[in-house]
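I have placed the structure first, in the form of structure tokens, so that the comments after it can refer back to it.
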Amino acid sequence: MADSGRQKTSQAREVMDSLYEISKILNTGLDMETLATCVRLCENGVNPEALTLVIQELRRESAAIKTSNSQI
Amino acid sequence: MYAITSKMYLDHDENFQLCVNFSTSNIKHHKFLDVDSHKVMRSVTGICEKLKIHNEIKNAEKLEKYVDLFLQIPAFEGKDIGKTDTHYALLALLLNLAESPVFADYKEIVKEVEETKEEFDWRAYLLEGEEIYVPSDGDTTDEEWMDEYKDTDEPSGEKTVVLKFEDDRIKEEASATELFESNLLSRDLSTPAESGDGWLINNVVIQYWQGMIDDSRDIGDYPSSNLSIDWERHQERTNPLYSVGNRPLLTEIQFMREIIWMFSGVSSLFVFQFDGMQFKPRNDIMLSHLTTNSLQSLLDDFAKYGTYVQVLYKCVQKVISLSFGDNSQSAETVGQTYQAFANAVTQFLTKMKVDMGKIEKRLIAEEETITMSLLYGELKPWLRKVIALHEVYVKGIKRGYGFPSNSQRASKLLSAIYEIVMEYDTMGQYAGELLGLLLPIWLQTSRPYIDIIDNWITYGTLVDPKEEFVITRNREVKSLDETFWERAFTLHASASNSNANEDSNSTQRTKNKSCVQKSRHGTAVWAPLFLQPILLQVILTGKSMEMLESLGKLADVVDRKDGLSSEQESLYEKFVNSLQVLLCTKRVEETVDSAQAEATPSKFAMFSVQVEQQMKLKGVYDPLLKINFETIFLAWIKKSESKHSEEDDISRILHPLDTENVQPVELILQQCLYPLIIERYHKVCNHLVRILKEDYNLMEYLAAMRNFFLMEAGDTMFSFYTQLFDKIRRHEPWRDVSTVNLLLQESLSAHFPEEVNRLTIDVVIQDGMKDGQPTNITDCLKLHYKVPWPVDVVINSHCLELYNQIFSFLLQVKRVKYCLEELRFKDLDKENILRSLSQQELKTTSEPGEIPRASRVHRMQILRMRLIYFVNSLHNYIMTRILHSTGLEFVCDLEKAVDLDQLIMVHNNYVRKIHERCLLHKKVGFLKEAVMKVLNLSLHFQRKWDQGIDEVMLKTIQDMESEFTRCIQFLASFLSNIIKRGSFPHLESLAFSLVTSTEYLTAFN
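If you read the sequences in order, they're chains A and B.
Each residue of the first sequence is one higher than the last, beginning at 1 in this note's numbering.
Each residue of the second sequence is one higher than the last, beginning at 73 in this note's numbering.
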């Protein structure tokens, strides 16, 4: 039991590492934490394109708010 | 689920709900198609190609690799195979999010990749729970810990950086690092809850040194492991005021590792706090299965030893810093003895550290049970050694700080080690291993000292740059000085202490080397203990060497065959070798020798081809030259090789010393060190004495002193003084240098023509001499004898002064004797023409008691004979009993003298003895007074005699008779008393002759 559990953990770890690498090469701008959230979302069946849209939208909005804040 | 949004709008609460709504609606009500795996793979390959086109092949390959890897891992949807929809969905997500991967910062990515790779290593490393950590230096520990700490957190730290970069990609690298640091710091303070850190915290040792506390405080299965907690609870229950506080709970392994670090010389520890002087265990820590009190008592013990170790480290550091630092500013210098000691201690500490490292590895491995008490037992042998060394430090160095000079400190240290070695030596079996430690340390420490001695007694040079040898060369005394032997070398201590202790101590410490007894007392104070029995020989040998050097005869005793071809064994090596022979541990040396013998042939072809060609080409090819070169170079190579391995050799030689069969240390010294020095001493001193006797004619000079000053050359001196006395008697002028010298040279030329140049006589007329007694008339004559340099060390000016006093005295006696002997009867009997006239007139008025002339003449003659008898016995006594027999003894002693010191001593004793026996010493002043009275009386008598009997009244004769009798009786009774006591056997004959001369008086009376 313990062995399989440890194996799973290590696999998950590997998955996360690989994904993180890919995301870095592709310059997605995601950090480990966000990536982990995304992975969990996708696992639960969220459409990746929809998620992409949400992330990009949110980024744009937050950037806009930031610039407006700095202008003020 | 909303981590991403919450992260972004952390400070925009009003917008947060908007975002949530937007996200939920988008995710739930989208109109996108499901992920197409083929499409995803196509775009991946497309990006790879694109990267390749942009000449970023590495990135392309990596991307491919990671995508493959990712797809292979079965992680999602509970399936055992990879390439599920989730995989592709994730890839699609990333691809969609991708922002111009071609133009992304290439460097950064590479760095990240490397770091990530390291992360795996760190994890594997840290998963073991304990890191192997052998501190190299006491001071760096803190930083190392910090480094370790940083290393541990580096991966998560980098993640933070990336997160920041996301917002601001234009930021420079430099500002990025600042950011990184600030992030790291802020993260240090707040307890991290993020995924990476959380993982780390669960898997890495609690940073108890940072004040972190393991909250879990797991309760073990065994009741004994909860002893501490149970006890505290009990305390809390029973004592309402008891408060525990929040104490870090450490494991026993942590305690033990801290102990081991402490013994490895680390000063900044958590469990033990070093306050600059000593270690103290912290009292706010706890161990799960020990109560605080028992823990403290256990730790106290360790702390004590830790303090000792730290003190030793500090001592070594101080010595090193003083010897390599800028010594020009600080007055304090460190002697070689200290350096040698520091070196020996360092060797010990290094070995201890290695051993500690081994124990620590065993602790880390956790394969066997080690508790603190077990550790204590295991460290026991080391701890005993530490105690011994600390004792050495306290006795040798700490107490030596007060001494002003290096020599005192060095002696103190050497004596202290020696004392402690002796102390443990007497303990026998119990301290066997301590002796095994201390003896090599002592040997190493004494090496500079022995080397100094070696240089001094072997080559005649006192090389003592740090002034730590107990003897120093007195620079004021040149070697061509008659006081060389006495003052050329002085004790360091006497120089520095003479101001402080002007009282009795200074006389004890000041060294008067002419006198053996004194020097024995003087040097004993500051010489190292082990050297004291042999110090005198060392000094004599050293001085003899210096003397030989200035005589240019050094080559005779320094058997320096060829500086290059044969390396001479130094005294220290000889000492150690003989020590080995004594202890039967010679085998190591032999193997070394054989190894060297094997190594030499291979080195034979040492000339490069070019050199050989050159030698042949230029027509200077000379096989002999080549052979010579080869031997020289070979010797050099050998030498340099041996230099390299010297350090190892010494320790290798010293350490196999089998202390099992060590005899008492004193015996070791007697058998190993002293014979070497004594051998050298005999060789050098004998040679010096031989040179002085043979090449510098010491014996002839001494004979000349006796011949002329003590008038052993009777005929020569007789012809000199008779002429002189005649002149005095005839009242001719004689008190000028030329006359006297002429007389002397005339008499010398007959038998000692070669001495004419050396012997001169001087007339020194002092005030008060003219109106003195008639005997003192010759005191103005001073003999001068030119004594060349090396001999004047023996026959110094003080001796010459004494010789001269004796000469004057002899001259007085001789003069009286001569005067009395020269009296003629007819002079006494002659008629005084002037007087006879008036006498006839006065005949009638002459005194009634006046006896006839003939009887007066008779009395005068009797008196003369008595005087002559006295003077003759005195003369006999002096010339035969004293000068001759003492001279024979002296010659006998001279033959026996083995070193110059004895030679000087024998001569001084001789001169002193004859000076005393000639009644010139103050002690026998009253005797001399009586004798001088008689002598003066004799001269007075001689004048009266020459005037003729008619001038002599009966009363004058009676006066003279009575005074003479008084003197004689006094002398006779005094001397016979002395003889009865038997204390002065040499006076026997004189006393006897005097007693016989007084006997008739007593018979008559």
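From the three backbone atoms N, C-alpha and C, an ideal C-beta is built for every residue, glycine too.
For M977(B), the residue or residues it bridges with in DSSP | Bridge partners of M977(B): none, in fact.
- [ ] Output, in sequence order along the chain, the residues in the region 134-150 of chain B whose CB is closer than 8 Å to any CB in chain A.
- [x] K134, L135, Y138, V139, L141, F142, I145, P146, A147, F148 and E149
| Spatial neighbours of S518(B) in its chain, beta-carbon cut-off 6 Å, leaving aside the 5 residues before and after | L486
Among the candidates P353(B), E618(B), R456(B) and Q604(B), whose CA atom is the shortest distance from the CA of L534(B)?
E618(B)
Span of the beta strand (DSSP E) around V139(B): Here V139(B) belongs to no beta strand (DSSP E); instead the alpha helix (DSSP H) covers I129 to Q144.
Completely contained alpha helix (DSSP H) runs for the region 810-861 of chain B, where each covers 4 or more residues | none
On the CB-based measure, 16 or more other CB atoms within 10 Å of its CB, does F396(B) come out buried or exposed? exposed
3 or more residues per run - each beta strand (DSSP E) lying fully within the region 944-988 of chain B | none
**Request:** Could you tell me the distance, in whole angstroms, from the CA atom of P605(B) to the CA atom of T613(B)?
**Result:** 14 Å
My assumption, with CB atoms under 8 Å, is that P353(B) sits in contact with F346(B). Please give the rounded CB distance. Not confirmed; about 11 Å, so no contact.
Worksheet item: Counting along the chain, where does the beta strand (DSSP E) carrying P453(B) start and finish?
Response: Looking at the DSSP string, P453(B) is not in any beta strand (DSSP E); the run it does join, the alpha helix (DSSP H), is M444 to V464.
| request: Show which residues of chain A have a CB atom less than 9 Å away from the CB atom of N131(B). | output: I25
Legend entry - Sequence-distant residues of its chain with Cβ nearer than 6 Å to P600(B) (five each side left out): S483, L486 and S487
Evaluate contact between the region 1027-1038 of chain B and the region 1048-1068 of chain B, counting only Cβ atoms and requiring at least three cross-stretch pairs below 8 Å. Verdict: no, contact absent.
- Just the C-alpha distance for E450(B) and L26(A), rounded to the nearest angstrom, thanks. 59 Å
Taking all protein chains shown into account, decide if Y138(B) is buried (16 or more other Cβ within 10 angstroms of its Cβ) or exposed. buried
- Sheet register partners of Q345(B) (DSSP bridge): K352(B)
Check: Under the rule that 16 or more other beta-carbon atoms within 10 Å means buried, what is G532(B), buried or exposed?
Finding: buried
**Report entry** Spatially closest choice to Y982(B) from V1003(B), S957(B) and D971(B), by CA coordinates
**Finding:** S957(B)
Quiz item: Do three or more CB pairs link the region 870-883 of chain B to the region 781-793 of chain B at distances below 8 Å?
Solution: Yes, the region 870-883 of chain B is in contact with the region 781-793 of chain B.
Whole alpha helix (DSSP H) runs in the region 101-125 of chain B with 4 or more residues, listed along the chain?
109-125
* Where do the N-terminal and C-terminal ends of the alpha helix (DSSP H) with P1081(B) fall, by residue? -> Lying before the first or after the last residue shown, residue 1081(B) is absent from chain B, which here runs from 73 to 1077.
Residues in the region 363-391 of chain B with C-beta within 8 Å of chain A's C-beta atoms, listed in sequence order?
none
Margin query: On the CB-based measure, 16 or more other CB atoms within 10 Å of its CB, does V809(B) come out buried or exposed?
Written below: exposed
If you measure from the beta carbon of F104(B) to each beta carbon in chain A, is any gap under 7 Å?
yes
Tell me the DSSP bridge mates of L322(B)? L359(B)
- Message: Please state whether the Cβ-Cβ distance between M428(B) and S297(B) is less than 7 Å.
- Response: No, these two residues do not count as a Cβ contact at 7 Å.
### Message
Let me make sure I understand the geometry here. Which of E43(A), E33(A), Q56(A) and L35(A) has the alpha-carbon closest to that of N98(B)?
### Response
Nearest option by C-alpha distance: Q56(A).
7 Å Cβ cutoff, I99(B) in contact with chain A = Taking Cβ atoms only, chain A reaches closer than 7 Å to I99(B), which makes this a yes.
Margin query: Could you tell me the alpha carbon to alpha carbon distance between V885(B) and H947(B), rounded to whole angstroms?
Written below: 7 Å
Would you report the Cα separation of N355(B) and N311(B), rounded to the nearest angstrom? 20 Å
So, is the C-beta of A161(B) closer than 7 Å to a C-beta in chain A?
-> yes
- Message: Taking CB distances under 7 Å as the criterion, tell me whether T158(B) reaches chain A.
- Response: yes
task: Would you decide whether G118(B) is buried or exposed? Buried here means 16 or more other CB atoms lie within 10 Å of its CB.
output: So G118(B) counts as exposed.
Checklist entry - When we look at the beta-carbon of S23(A) and count the other beta-carbons within 10 Å, is it buried (16 or more) or exposed? => result buried
May I have the straight-line CA-CA distance separating F647(B) from R481(B), to the nearest angstrom? Their backbone Cα atoms lie some 24 Å apart in a straight line.
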